[in-house]
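Data first, discussion second: the structure below is written as structure tokens.
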Amino acid sequence: MPKQAPKYPAIVKAIKVLDKYYQVNCPPDQYRALEEAALLLDDKMRHIRDSGKVIGVERIAIMAALNLAHDYLKNMNHRDDYIDDVNQQLEQLEHKVKQALRFSSEKEI
């Protein structure tokens, strides 16, 4: 099956990470997200570099990627826990509503 052409053709944008520019293909509607991601990565890499514990751009990039992946997974776990809590509360609420409706219909009889 042939690939579908993207809705909007990608454009080339420059992003800056650790004072170096990179050309990146990006759909026009995703450029703002790309800029935010680049700023976050730049901030993480600067923090690691400035700590003096990691030397070399490649190592700094790997540590930043690991830190970001860790943060992402931690947030996903928190999100899953939150969804489980909300689902449990919804089930309890549904049970209470059913009880109230059952009680109300019994009263009418």
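So the sequence shown is residues 350 to 458, counted in the numbering used here. Glycine included, each C-beta is placed from N, C-alpha and C at the ideal position.
Asked	Found
Below 8 Å on the Cβ atoms is my guess for V366 versus L390; work out the distance and round it to an integer in Å.	6 Å
CA-CA distance, A413 and D368?	16 Å
Classify V435 as helix, strand or coil using the three-state DSSP reduction.	helix
On the CB-based measure, 16 or more other CB atoms within 10 Å of its CB, does K445 come out buried or exposed?	exposed
If you drop the 5 nearest sequence neighbours on each side, which residues of the same chain put their C-beta closer than 7 Å to that of I397?	V403, I409, M412 and A413
Just reading off the beta strand (DSSP E) that K306 is part of, what are its end residues?	Residue 306 is absent from the structure shown; the chain starts at 350 and stops at 458.
Expressed to the nearest angstrom, what Euclidean distance is found between the alpha-carbon atoms of Q448 and Y421?	40 Å
DSSP three-state call for M402: helix, strand or coil?	According to the sequence shown, residue 402 is Lys rather than Met. It is coil, neither helix nor strand.
For K456 versus L417, is the C-beta distance shorter than 8 Å?	no
With a Cβ-Cβ cutoff of 8 Å, do Y371 and I364 count as a contact?	yes
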